[in-house]
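Novice:
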Amino acid sequence: MEQLTPRQAERGQKTTLIGIAVSIVLLLVKGIAGWLGNSYALIADAIESGTDVVTSTFVWLGLRVAARQPDEDHPYGHGKAEPLAAIVVSVALVGAAIFIAVESIRNIRVPHEVPAPFTLAVLAGVVIVKEVLFRRIEQVGQETESQAVKADAWHHRSDAITSLTAFVGISIALIGGPGYESADDWAALLASGFIIFNAYRIFRPSFGEIMDEAPAGDWKAELTTIALSVPQVQGIDKYRVRKTGFEYFVDLHVKVPGDLTVRQGHDIAHAVKAAILTAKPSVYDVLIHIEPA
Numbered sequence: 001m002e003q004l005t006p007r008q009a010e011r012g013q014k015t016t017l018i019g020i021a022v023s024i025v026l027l028l029v030k031g032i033a034g035w036l037g038n039s040y041a042l043i044a045d046a047i048e049s050g051t052d053v054v055t056s057t058f059v060w061l062g063l064r065v066a067a068r069q070p071d072e073d074h075p076y077g078h079g080k081a082e083p084l085a086a087i088v089v090s091v092a093l094v095g096a097a098i099f100i101a102v103e104s105i106r107n108i109r110v111p112h113e114v115p116a117p118f119t120l121a122v123l124a125g126v127v128i129v130k131e132v133l134f135r136r137i138e139q140v141g142q143e144t145e146s147q148a149v150k151a152d153a154w155h156h157r158s159d160a161i162t163s164l165t166a167f168v169g170i171s172i173a174l175i176g177g178p179g180y181e182s183a184d185d186w187a188a189l190l191a192s193g194f195i196i197f198n199a200y201r202i203f204r205p206s207f208g209e210i211m212d213e214a215p216a217g218d219w220k221a222e223l224t225t226i227a228l229s230v231p232q233v234q235g236i237d238k239y240r241v242r243k244t245g246f247e248y249f250v251d252l253h254v255k256v257p258g259d260l261t262v263r264q265g266h267d268i269a270h271a272v273k274a275a276i277l278t279a280k281p282s283v284y285d286v287l288i289h290i291e292p293a
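Heads up: the sequence shown begins at 1 in full-length UniProt numbering, then just goes up one per residue.
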């Protein structure tokens, strides 16, 4: 039975490394521009890019671990490392949001100069780059069904949101003139709320996966249809499905005529298992229990 994890993890790792490289460049650009342009919103944005680098590194490591083959100590594989990496991302996002919020409030209370106009051009470029990066990584996350890669994508989206709110805040400060100097700080404070919201979006499904929460989708109907395609199967009694990393494990109770021999029941179980693995490539293993109808 071929395992899909290594191939999917390799795609996720490559995409994550691209995100890390882009985030490092943007971290330097935004940090320097924020310092020279007197914009705390841009500096806060640079901090967000810094957390992108750290958390994307955790995602990359998590994907490497998740790709390992099952062994004696981990018979179900190492897939749980993948949602764990996503949870690390969500926690880091909350930490970054709190730091940005605290510093924004401090800067709102302390008068400072209006940000330089050139910071708007920097932010516009950042928004475009981060949105493109989000869409690419999100696509890979959807295709590989990786919570960690999806989390990494939404971290880049939160960075784009932070940059967009900073753009609006600095624009207000420049247009409004004296008395509007703190507009970019208010923008950074607003962005921290968006970041916390995105952290929850990342945390919730990842935590559910670690807790073996039933995956989304009408699995019962699909499994019933597949099982009934096998001769002498009369239905399913109960089922359990859980996701581990990139793959799914299925436990299925199949109803068959009660007068079948053990050998016949055994052959039917293998036929149902083979049918499920063929119809649903994301399923790694199936455990069939035969029930007399």
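Positions of the beta carbon are idealized from the N, C-alpha and C atoms, including for glycine.
No experiment lies behind these values; they were computed from the predicted model shown.
Once the 5 residues before and after Asp-184 are set aside, which same chain residues still bring their CB inside 7 Å of it?
Specialist: Taking the first residue of the sequence shown as position 1, residue 184 is located at position 184. Excluding residues within five positions, the ones whose Cβ falls inside 7 Å are Ser-39, Tyr-40, Ala-41, Pro-115, Ala-166, Gly-169, Ile-170 and Ala-173.
Novice: Pick from Ile-290, Leu-123, Pro-292 and Asp-212: whose alpha carbon is nearest that of Pro-83?
Specialist: As a working mapping, residue 83 is identified with position 83 in the sequence shown. It is Asp-212 whose Cα lies nearest to the Cα of Pro-83.
Novice: Name the two residues that bound the continuous alpha helix (DSSP H) containing Tyr-200.
Specialist: Locating residue 200 in the sequence shown gives position 200, counting from the first residue. Unbroken alpha helix (DSSP H) run through Tyr-200: 183–210.
Novice: Would you call the stretch 192–211 in contact with the stretch 219–236, where contact means no fewer than 3 C-beta pairs closer than 8 Å?
Specialist: Contact fails: fewer than three Cβ-Cβ distances are below 8 Å.
Novice: Per the contact definition of three or more C-beta pairs closer than 8 Å, is the stretch 248–259 in contact with the stretch 282–293?
Specialist: Yes, the stretch 282–293 touches the stretch 248–259.
Novice: Cα separation between Pro-281 and Thr-244?
Specialist: Sequence index remark: in the sequence shown, residue 281 carries index 281 (1-based). Sequence index remark: in the sequence shown, residue 244 carries index 244 (1-based). Approximately 14 Å between the Cα atoms of the pair.
Novice: Might you give, ordered along the chain, the residues of its own chain that have their beta carbon closer than 7 Å to the beta carbon of Glu-145, omitting 5 neighbours on each side?
Specialist: Counting from 1 along the sequence shown, the entry for residue 145 is found at position 145. Closer than 7 Å at Cβ, skipping near neighbours: Phe-246 and Ser-282.
Novice: Note down the Cα distance separating His-270 from Ile-276, rounded to an integer number of angstroms.
Specialist: Residue 270 sits at position 270 when you count from the first residue of the sequence shown. Residue 276 sits at position 276 when you count from the first residue of the sequence shown. For His-270 and Ile-276, the distance between alpha carbons rounds to 10 Å.
Novice: Spatial neighbours of Ala-124 within its chain, please: C-beta separation below 7 Å, excluding the five flanking residues on both sides.
Specialist: Translated into the one-based positions of the sequence shown, residue 124 becomes position 124. Closer than 7 Å at the Cβ level, and outside the excluded window around Ala-124, lie Phe-167.
Novice: Secondary structure at Leu-4, three-state DSSP: helix, strand or coil?
Specialist: Position 4 of the sequence shown, counting from 1, holds the residue named residue 4. With a pLDDT of only 40 at Leu-4, under 50, the local geometry of the prediction cannot be trusted, and no value is derived from it.
Novice: Assuming Thr-162 and Gly-37 make a contact with CB atoms under 8 Å, what is their CB distance in whole Å?
Specialist: Position 162 of the sequence shown, counted from the start, is the residue given in the question as residue 162. Position 37 of the sequence shown, counted from the start, is the residue given in the question as residue 37. 16 Å between Cβ atoms; not a contact.
Novice: What would DSSP say about Lys-243, mapped onto helix, strand or coil?
Specialist: Within the sequence shown, the letter at position 243 stands for residue 243. If DSSP states are grouped into helix, strand and coil, Lys-243 belongs with the strands.
Novice: Identify whether Val-168 lies in helix, strand or coil by the three-state DSSP scheme.
Specialist: Taking the first residue of the sequence shown as 1, we reach residue 168 at position 168. Helix, per DSSP.
Novice: Quick check: the Cα distance between Leu-190 and Arg-240, rounded to an integer number of angstroms?
Specialist: In the sequence shown, residue 190 corresponds to position 190, counting from 1. In the sequence shown, residue 240 corresponds to position 240, counting from 1. Going from the Cα of Leu-190 to the Cα of Arg-240 covers about 42 Å.
Novice: Output the distance between the C-alpha atoms of Glu-2 and Tyr-284, rounded to the nearest integer angstrom.
Specialist: Within the sequence shown, residue 2 is the residue found at index 2, counting from 1. Within the sequence shown, residue 284 is the residue found at index 284, counting from 1. Residue placement at Glu-2 is flagged as unreliable, the pLDDT there being 38, under the threshold of 50; a coordinate-derived value is accordingly withheld.
Novice: If you draw a straight line from the alpha carbon of Ala-81 to that of Leu-228, how long is it in whole angstroms?
Specialist: Reading the sequence shown from its first residue, position 81 is the one you call residue 81. Reading the sequence shown from its first residue, position 228 is the one you call residue 228. Using only the alpha carbons, I get a separation of about 35 Å.
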